[in-house]
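Residue numbers (this note's numbering): 37 to 797.
Glycine residues also receive a C-beta, built at the ideal position from the N, C-alpha and C atoms.
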DNA sequence: TTACTAAGACTTTTT
DNA sequence: GTCTTAGTAA
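Written as structure tokens, this is what we have:
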């Protein structure tokens, strides 16, 4: 076997990790340390050494992208087909498992998966049906509650009820579960929980899988939640070797249930003998890494790790202070243009921000400058309204009792079925405990006839598409249901028609794709004839291509990239930048309240997570890193005066280079010298970074100066609260008050006759 | 049933 | 500022 070539080029730590004995192992893999390479090489090494068969390996990731990447790399390293291997996302593997054991898990064979939007509308229906006040029981929050309970492994009966609100939400949870069961659908959390429960409660099945998977490898372990950890333990059994790779410093999903603590718990519970740290970074230059290291050192809860490189210091980290968010965007555009002229491809320039709301100014600046850019996030292909409509019709063809889909399109395009009629239909359905489609006959009058016509339409589509290929089914549906005609006449329907066209293409690609419907096909329990231990594994039985495609659509919402192909600047939130890397990275909006976000400042853990987020952002950069903040920012239609982010103060001064032009408040030549003198002289100590405080620009016109001599937007210094920015000024003379944003000390109202505010600059 | 207006929200997100 | 949602008038 090409042993040597497999392991060639690994550094000693990587080599040690790849060739660890078959025991539980924890790999602390820093950003850019070759984590995916270690993971895939380990699998390839185990298999090519005969230590495990491909069927004995399970590799879990969080995103489809990571799973695909892993499969691609494995395919290149192994001389065997990798598609049968259990490599996938948590949810993808659960889907595979439940498709194989649908009967045991109490699901219909063709069960469908609700995405978050479907789930929300399902919860809304339950709340309506229970006649609850949506003000008090906010659907979004209830949905969140249900997902949260499931992720803690709790069914309605298990939830501890302490107050009225919880009591009612548990009732909704209960009713929601019954509704899902009736309609034959499962949400994302349900995929995990059902799999877990079936493994827990069925000894034969559990023993089978525990015996089968000798090696379980987990990517991004720091992102696992309680249920996922329990799930892993369930599959691992006593002799399995779990190989967990993670980075506690990159844990940025605590807000959605991820428990970094799982890393420590794993080390303890599985008696990990030796934690291997991958600290050598192959991505960034020294100044960037030093900045990241120094920043993250401010966090208390860490397993401890320091990135190092042999690449040299590289460029300094450039810092820019803008007068307004508009000016910041303008500066970015110019800087990016320059980078591009100097040879950096646009797609190697990333523009990162903390929250999506920040992208607008940046986008419009790019747009006006005519620079191609791509925004990540936002609607993905299968989430577009017209695509969801089409999918709803397809689901109804597959399963007429899917009430979520029924409600979505019963009157789209409009066919004279109003809210009133739908309500009557829902009442009838509830009374008889049947689905909406089954209750159509119960209605009388014009509305009833229209509903009946709709049900007939669906039935007709089902009959007409029987035996057709997936492509033909979709094409027939699109015309028969009237969607095409509707969008043809709609003046903004052109793009939508194109998307529907694209849906046909997606289906075509899905069918022809190698390993078609791999996840959706009910596989035999395993290749070694263990089917007898799993009575309901319908050996080899294949679900319809349509059902498989629908599953694929919910499990993999598709790309959300805009126009592909063009060389464009990449815009995204810091969260979505995780796992990516770029030659040049701009982190914008480094202001208190924005980054760190104000909603996270309440507790210490929140702040530490923000800092990890900043750490992730910094470590995306290979060669150049730019940090910027702005004195004023238009947010929610209001001008806010922000203090620069504390994270800037936590970076090593020696790695930074302030590039703000000082021509705004002073005469130019003097200003530059003045500024450079400050930069040379002052470290982080002293008076709240006063050395680097910029002269405020004249962008905020001072009004007729009141006696106190302060103005809105002015930076001031307070002996107790430190540096702040005046947000509001009220009253005059004795009564004069100022509202000051002190960043980490919060917003304060101060009486100017009492408080000593010294103007800064 | 539809079309318009007003009110309120608004961190981060994959599956 | 902009998007979604709820309520009301035609």
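Separation of residue 277 and residue 238 (C-alpha to C-alpha, rounded to the nearest whole angstrom) is 22 Å.
In the structure shown, the three-state DSSP call for residue 383 is helix.
Counting the other CB atoms within 10 Å of its CB gives residue 442 a total of 16 or more, which places it among the buried residues. By the Cβ rule, the region 229 to 246 counts as touching the region 139 to 147, because three or more pairs are nearer than 8 Å. Only residues of its own chain outside the window of five on either side were considered, and among them 42, 110, 113 and 114 have a CB closer than 8 Å to the CB of residue 80, listed in chain order. DSSP, reduced to helix, strand and coil, places residue 355 within a strand of the structure shown.
Residue 610: member of the alpha helix (DSSP H) spanning 610 to 613, first to last residue. Check the Cα spacing between residue 607 and each of 752, 397, 524 and 168: the tightest is with 397.
Counting along the chain, the unbroken alpha helix (DSSP H) around residue 397 starts and ends at 395 to 405. Residues 418 and 427 of the same chain have their beta carbon placed closer than 7 Å to that of residue 589, with the five preceding and five following residues left out of the count. Residue range 657 to 671 is occupied by the beta strand (DSSP E) that includes residue 660. Residue 692 sits away from residue 665, with the two beta carbons spaced by 7 Å or more. Per DSSP, residue 63 is one residue of the beta strand (DSSP E) stretching across 61 to 65. Residue pairing by DSSP places residue 589 opposite no residue, since no beta bridge is assigned to it.
Non-local C-beta neighbours of residue 512 in its own chain, meaning closer than 8 Å and more than five positions away in sequence, comprise 497, 500, 501 and 504, ordered along the chain. Closest in alpha carbon position to residue 205, among 167, 242 and 220, is 167. With a 10 Å radius around the Cβ and a threshold of 16 neighbouring Cβ atoms, residue 244 comes out buried.
Residue 628 carries a coil assignment under DSSP once its states are collapsed to helix, strand and coil. The residues 175, in chain order, have a CB closer than 6 Å to that of residue 160 in the same chain once the five nearest residues on each side in sequence are set aside. In the DSSP assignment, residue 674 falls within the unbroken beta strand (DSSP E) covering 674 to 677. The Cβ atoms of residue 183 and residue 225 lie closer than 7 Å to each other.
When the Cα atoms are used, residue 303 and residue 345 turn out to be separated by approximately 27 Å. The region 327 to 334 and the region 287 to 302 do not touch, with fewer than 3 CB-CB distances between them shorter than 8 Å. Short of 8 Å from the beta carbon of residue 338, and not among the five residues preceding or following it, lie these beta carbons of its own chain, in chain order: 284, 285 and 332. DSSP lists 122 and 252 as the bridge partner or partners of residue 94.
Using a Cβ-Cβ distance cut-off of 8 Å, the region 240 to 260 and the region 93 to 105 are in contact, since at least three pairs of beta carbons, one from each stretch, lie closer than that value. If the five residues before and after residue 319 are omitted, its C-beta is found closer than 6 Å to the C-beta atoms of 68, 617 and 658, all from its own chain and listed in chain order. When C-alpha distances from residue 59 are compared across 307, 410 and 207, the shortest belongs to 307. In this model, residue 399 and residue 360 are separated by some 15 Å (Cα to Cα).
For residue 794, the uninterrupted beta strand (DSSP E) run begins and ends at 793 to 795, by DSSP.
Apart from sequence neighbours up to five positions away, the residues of its chain that approach residue 92 with a beta-carbon distance below 8 Å are 248, 249, 250 and 251, ordered along the chain. If you draw a straight line from the Cα of residue 653 to the Cα of residue 622, it is about 9 Å long. At a Cβ-Cβ threshold of 7 Å, residue 402 and residue 412 do not count as neighbours. Annotation for residue 72: 102, 105, 106, 109 and 255 place their beta carbon closer than 8 Å to its own, counting only its chain and skipping 5 residues before and after. Counting only the Cα atoms, residue 542 lies some 36 Å from residue 88. The beta carbon of residue 434 sits closer than 8 Å to the beta carbons of 146, 148, 580, 582, 583 and 586 from its chain, once the five residues preceding and following it are set aside; these are given in chain order.
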